[in-house]
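Going down the list, the sequences are from chains F and L.
Under our numbering, read the first sequence as residues 338 to 576, first letter to last.
Under our numbering, read the second sequence as residues 55 to 255, first letter to last.
The structure appears below as structure tokens.
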Amino acid sequence: MSRLYRDQGVVLRTIKLGEADRIVSFMTQGNGKVRAVAKGVRRPGSRFGARLEPTTHVVFQCYRGRELDVVTQVETIDANRQLRDTYAALTHAISMLEAVDQVAQERERNVGLYRMLVGALKTLATQPSPMVSAAFFWKLLSLEGFHPALDACARCGAREPFVAFDLDDGGVLCEPCGRHGGRRITPEALDVVGRVVGGGLNGVLSSPPPPPLLHEIERLAIAALEHQSERRLKSAALL
Amino acid sequence: MAIFEGPVQALIDELGRLPGVGPKSAQRIAFYLLKVAPEDANRLATAISEAKARVTWCRRCYNLAEGELCTFCRDDRRDPSLLCVVQEAPDIVAVERTHEFHGRYHVLQGAISPIEGIGPEQLRVKELLRRVEEEGVKEVILATNPNIEGETTAMYVARALKPLGVRITRIASGLPVGGDLEYADEVTLSRALEGRREVDA
Ligand SMILES: [Zn+2]
Ligand SMILES: [Zn+2]
């Protein structure tokens, strides 16, 4: 087997290594999450330039090292430049990258997740709404097998109205059940979540809900994500 | 995981906490220090404790200082209306080497890093806003790193400064002098195009 390989990927995060290097994590098309060393990338004038900055979509070549792979070549597919133009777009983009970093397994192909991330970054670049990342989190959860139960109370099976969402039960709670747990949620927010996970994403994106509602949907998505991965989404603090 | 006897392991653990030092390097440095002459090791220990005892943060700009104010804040010839904002104290050294800047500095002591959960409240941003209001600053130059963290920080600081009506500029990004255009990446090159200027002929 050749020690060289090529793949496409999105740069998820970078960690400083030594004097001038970085360890770069990619979400790739063919190899799941990949970590590789980019030598000299922190020096101005490095041949990698800005190609290995988080949010960038690239084609890269690596050789397999004993401990870590080493990046030998990088070409840009899409720099997603608009994401770097505003604070809001950048922080939302990074929260998506962090979520993928937590969920993706190293060397485990996950094309669905890869495609979803590439698409979401592109959407956020052209349409910088916080709805994009909120929707992304819900889609990510359902890709990972967490489908929120939204049609009937997750405890007793009762129908609407629902007043809460319980992370352990994985769904909505009716009024009596909601008295003893779950997080408060408005029917409007539940409606949007239902549309996002039920194939109505484009409609939601073309007319995003007002900020307070959006905030509610985003917070619930983050809570669900953190509950599922059992890890904190650190970048959420800046949203 | 403690493999060695108490004091040796303690030394390895401490060294391993230094930035850029992994467990293997920590072990290598520890054994090096144990092998050298006692006076050599003691010189290092003294240098560390002396520096810690005498060097503090400038209470105005958060650069390193011996005493209340750093050398730049004490120097009356520096222009107080021009403020250069950097992430860390060593960045000042880099700017100073250009001999192009004669204003004062403000050290944020870090950069916003969403993925590490480092937010603006952990940086010296409030202190910067207060200085701009109190010191008659006319222009703030944002000289944070041209990477994701530095850019996030620059955008945040610019947004926070805006209501104060001060001129806010960002250091230019572009092609490394001495390099070849064909090797430039798209982001760098498009920044360079945006930052183009007239040529005197
Ligand atoms: Zn119920
Ligand atoms: Zn000072």
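Quick reminder that beta carbons are idealized off the backbone N, C-alpha and C, glycines included.
Keep in mind it's a predicted model, so treat the numbers as computed, not measured.
Where residue i falls: helix, strand or coil (DSSP)
{"i": "S466/F", "result": "coil"}
{"i": "K353/F", "result": "strand"}
{"i": "D505/F", "result": "coil"}
{"i": "V149/L", "result": "helix"}
{"i": "R521/F", "result": "strand"}
{"i": "I225/L", "result": "coil"}
{"i": "C124/L", "result": "coil"}
{"i": "A471/F", "result": "helix"}
{"i": "L434/F", "result": "helix"}
{"i": "C511/F", "result": "strand"}
{"i": "T110/L", "result": "strand"}
{"i": "V139/L", "result": "strand"}
{"i": "F58/L", "result": "coil"}
{"i": "A119/L", "result": "strand"}
{"i": "F85/L", "result": "helix"}
{"i": "V530/F", "result": "helix"}
{"i": "V90/L", "result": "coil"}
{"i": "V231/L", "result": "coil"}
{"i": "V329/F", "result": "No answer is possible for residue 329/F: it lies beyond the span of chain F, which begins at 338 and ends at 576."}
Cutoff 8 Å: residue i Cβ touching any chain L Cβ
{"i": "S572/F", "result": "yes"}
{"i": "E435/F", "result": "yes"}
{"i": "T523/F", "result": "no"}
{"i": "S360/F", "result": "Correcting the residue type first, residue 360/F is Ile in the shown sequence and not Ser. Answer no: the Cβ-Cβ gap between I360/F and chain L never drops below 8 Å."}
{"i": "S479/F", "result": "no"}
{"i": "R350/F", "result": "yes"}
{"i": "L405/F", "result": "no"}
{"i": "I559/F", "result": "no"}
{"i": "L461/F", "result": "no"}
{"i": "L575/F", "result": "yes"}
{"i": "G482/F", "result": "no"}
{"i": "S470/F", "result": "no"}
{"i": "G355/F", "result": "yes"}
{"i": "S432/F", "result": "yes"}
Opposing strand residues paired with residue i [DSSP bridges]
{"i": "G157/L", "result": "D133/L"}
{"i": "R343/F", "result": "Q398/F"}
{"i": "F359/F", "result": "Here residue 359/F is Arg; the residue named in the question, Phe, does not match the sequence. Answer is K353/F, A375/F, bridged to R359/F."}
{"i": "Q332/F", "result": "No statement about residue 332/F is possible, as the shown extent of chain F runs from 338 to 576 and does not include it."}
{"i": "S167/L", "result": "I172/L"}
{"i": "L162/L", "result": "Beta-bridge pairing links L162/L to no other residue."}
{"i": "G369/F", "result": "E443/F"}
{"i": "V194/L", "result": "L137/L, I222/L"}
{"i": "A486/F", "result": "G508/F"}
{"i": "D415/F", "result": "H394/F"}
Distance cut-off 7 Å: residue i Cβ against heavy atoms of ligand 2
{"i": "R114/L", "result": "yes"}
{"i": "F58/L", "result": "no"}
{"i": "A560/F", "result": "no"}
{"i": "L136/L", "result": "no"}
{"i": "F126/L", "result": "yes"}
{"i": "A197/L", "result": "no"}
{"i": "A311/L", "result": "The first residue shown for chain L is 55 and the last is 255, placing residue 311/L beyond what the model contains."}
{"i": "L162/L", "result": "no"}
{"i": "L123/L", "result": "yes"}
Residue i at chain F interface by Cβ criterion, 8 Å
{"i": "P217/L", "result": "no"}
{"i": "Y237/L", "result": "yes"}
{"i": "R71/L", "result": "no"}
{"i": "Y210/L", "result": "yes"}
{"i": "L146/L", "result": "Inspection of the sequence shows that residue 146/L is occupied by Ile rather than by Leu. False, the Cβ-Cβ gap to chain F never drops below 8 Å."}
{"i": "G74/L", "result": "yes"}
{"i": "R213/L", "result": "yes"}
Residue i CB to nearest heavy atom of ligand 1 below 7 Å
{"i": "P613/F", "result": "Given that chain F is displayed from residue 338 to residue 576, the structure contains no residue 613/F and the question cannot be resolved."}
{"i": "R184/L", "result": "no"}
{"i": "A495/F", "result": "yes"}
{"i": "R492/F", "result": "yes"}
{"i": "C514/F", "result": "yes"}
{"i": "L510/F", "result": "yes"}
TODO: Compile a chain-ordered list of the residues in the region 365 to 393 of chain F whose CB is closer than 7 Å to at least one CB of chain L.
DONE: P381, G382, R384, G386, A387, R388, E390, P391
TODO: Would you list, in chain order, the members of the region 412 to 428 of chain F that have their beta-carbon closer than 7 Å to a beta-carbon of chain L?
DONE: T413, A416, R418, R421, T423, Y424, L427, T428
Open item on the list: Please list, in chain order, the residues of the region 168 to 180 of chain L that have any C-beta partner in chain F closer than 7 Å.
Closed with: P168, I169, E170, G171, G173
TODO: Note down, in chain order, all residues in the region 222 to 233 of chain L with a beta-carbon under 9 Å from any beta-carbon belonging to chain F.
DONE: S227, L229, P230, V231, G232, G233
Task: Residues within the region 537 to 567 of chain F neighbouring chain L, beta-carbon criterion of under 9 Å - done: none
Open item on the list: Counting only Cβ-Cβ distances shorter than 9 Å, please list the residues of the region 238 to 251 of chain L near chain F, keeping chain order.
Closed with: A238, D239, E240, V241, T242, L243, S244, R245
TODO: Mind checking the region 198 to 209 of chain L against chain F and listing, in chain order, the residues whose C-beta falls within less than 7 Å of any C-beta there?
DONE: N201, I202, E205, T206, M209
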